[in-house]
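Everything below concerns the one structure shown next.
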Amino acid sequence: MNNLVNDLYREFTLFRMIGHDAAAFVVMLACGLAVLTFFGFMGGLFTFLERKLAGWTNSRRGPNRVGPYGLVQFAADGVKLILKEDIIPAEADRTFFRFAPYLVLLGTALSFVVIPFGPRLIISDLNVGIFYLLATGSFTVVGLIMAGWASNNKWALLGGMRSAAQIVSYEIPNALAILVVVLTAGTMSVQGIIRAQAGGVQHWFLFNSPFCILAFFIYFTTSIAEINRIPFDIPEAESELVAGYNIEYSGMRFGVFFVAEFSNIYVVSSIAVICFLGG
Numbered sequence: 061m062n063n064l065v066n067d068l069y070r071e072f073t074l075f076r077m078i079g080h081d082a083a084a085f086v087v088m089l090a091c092g093l094a095v096l097t098f099f100g101f102m103g104g105l106f107t108f109l110e111r112k113l114a115g116w117t118n119s120r121r122g123p124n125r126v127g128p129y130g131l132v133q134f135a136a137d138g139v140k141l142i143l144k145e146d147i148i149p150a151e152a153d154r155t156f157f158r159f160a161p162y163l164v165l166l167g168t169a170l171s172f173v174v175i176p177f178g179p180r181l182i183i184s185d186l187n188v189g190i191f192y193l194l195a196t197g198s199f200t201v202v203g204l205i206m207a208g209w210a211s212n213n214k215w216a217l218l219g220g221m222r223s224a225a226q227i228v229s230y231e232i233p234n235a236l237a238i239l240v241v242v243l244t245a246g247t248m249s250v251q252g253i254i255r256a257q258a259g260g261v262q263h264w265f266l267f268n269s270p271f272c273i274l275a276f277f278i279y280f281t282t283s284i285a286e287i288n289r290i291p292f293d294i295p296e297a298e299s300e301l302v303a304g305y306n307i308e309y310s311g312m313r314f315g316v317f318f319v320a321e322f323s324n325i326y327v328v329s330s331i332a333v334i335c336f337l338g339g
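The sequence shown runs 61 to 339 under our numbering.
Here it is in structure tokens:
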């Protein structure tokens, strides 16, 4: 971030006019808005792609009404959720009920701080970047339990506990798989791990060691469990838990859960690329 601020400060007269501290604030604000915009776009895009794929596997067309090939369907869904009434159950803990979706979203959004989009396009290259990525996942667990408990609904509570239990259970092998990469690269910096794989496909950790191949398989499997995709979609078992932890949510707060869930797909995919596929 400091390098980006310094580069802009040298190149643009406007930044020199407002001063270094003000320029740093503007850059941080712009980065935050860019991440949130990208965050929402990726969440909507993955929703659309999953619905299209599900339709294809069931010999259906999937979303095809809004825009060409249904490409604008996720935007229409977002507008619909914004316009829906936001209902809070009478017996719910209103403070925690309101806060829980954004805590789940925060756990995924914070990951974008250390995920690079280019050689110098990264918000902050922390020297403990991998540890930071693992730590931010705990926000999601707390948010899910909070959502289930605050709803004052037994099915929501059971769904939240089951979701949290699954995430915590698979976080341990997931972290151990990433630890193999950290030991191979000799650093916990995200950019350092990418630099350790520089030089072409033959230097990617996935093809460098049998231990990394096993670690990739473990990471891939546990990541599917963490994002609640088939066959690890037990927390969303409608026959047992109705809709799970978000059963009492409506409107935009209901949509925030889905944006966080589908954006997390991008996060775990990015970590896989960073750690095993050269970055």
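Glycine residues also receive a C-beta, built at the ideal position from the N, C-alpha and C atoms. Owing to the predicted nature of the structure, the values given are computational and were not obtained by experimental measurement.
Residue environment, A210, which counts as buried when at least 16 other CB atoms sit within 10 Å: Per the 10 Å Cβ criterion, buried.
At least three beta-carbon pairs within less than 8 Å, the region 142–162 to the region 173–187: no
DSSP-derived helix/strand/coil call for A224: helix
Proximity of A207 and A160 at Cβ, strictly below 8 Å: In this structure, the beta-carbon distance from A207 to A160 falls below 8 Å.
For P128, the three-state DSSP class (helix, strand or coil): Note: P128 maps to helix in three-state DSSP.
Runs of alpha helix (DSSP H) wholly within the region 243–285 (minimum 4 residues, chain order): 250–256
Environment of Q257 [buried if 16+ CB atoms lie within 10 Å]: buried
E151 - DSSP class collapsed to helix/strand/coil: coil
Where V174 sits in the DSSP three-state scheme: coil
From L96, A135, M248, residue whose alpha carbon lies closest to that of L170: Here the closest residue by C-alpha is L96.
Residue from F318, Y326, F134, L217 with nearest C-alpha to Y305: L217
7 Å CB neighbourhood of F314 in its chain, flanking five on each side removed: L141, N306
Where the alpha helix (DSSP H) through V202 begins and ends: 189–210
A237 vs Y279 beta-carbon contact at 8 Å: Yes; because the gap between Cβ atoms is below 8 Å, this pair is in contact.
Unbroken alpha helix (DSSP H) run spanning L143, endpoints: Start and end: 133–143.
Burial state of V316, where buried means 16 or more other Cβ atoms lie within 10 Å: buried
Residue range of the alpha helix (DSSP H) that includes E321: Its alpha helix (DSSP H) spans residues 311–336.
Beta-carbon gap between V333 and T168 smaller than 8 Å: no
For A94, the three-state DSSP class (helix, strand or coil): A94: helix per DSSP, three-state reduction.
Residues near I266 in its chain [Cβ-Cβ closer than 7 Å; skip 5 each side]: Inspection of the sequence shows that residue 266 is occupied by Leu rather than by Ile. Hits under 7 Å: C272, I273, F276, F336, L337.
Nearest neighbour of V132, chosen from A225, D185, M102 [CA to CA]: M102
Assigned secondary structure, N234 (DSSP; H/G/I helix, E/B strand, else coil): helix
DSSP three-state assignment for S119, whether helix, strand or coil: coil
Cβ neighbour criterion (16 or more within 10 Å) applied to R222: buried
Own chain partners of W263 with C-beta closer than 6 Å, once the 5 adjacent residues on each side are dropped: Note that residue 263 corresponds to His in the displayed sequence, not to Trp. Excluding residues within five positions, the ones whose Cβ falls inside 6 Å are Q257.
Nearest to L181 (by Cα), restricted to the options T281, F106, V250, R111: Residue V250 is the option with its Cα nearest to L181.
Cβ neighbour criterion (16 or more within 10 Å) applied to F108: buried
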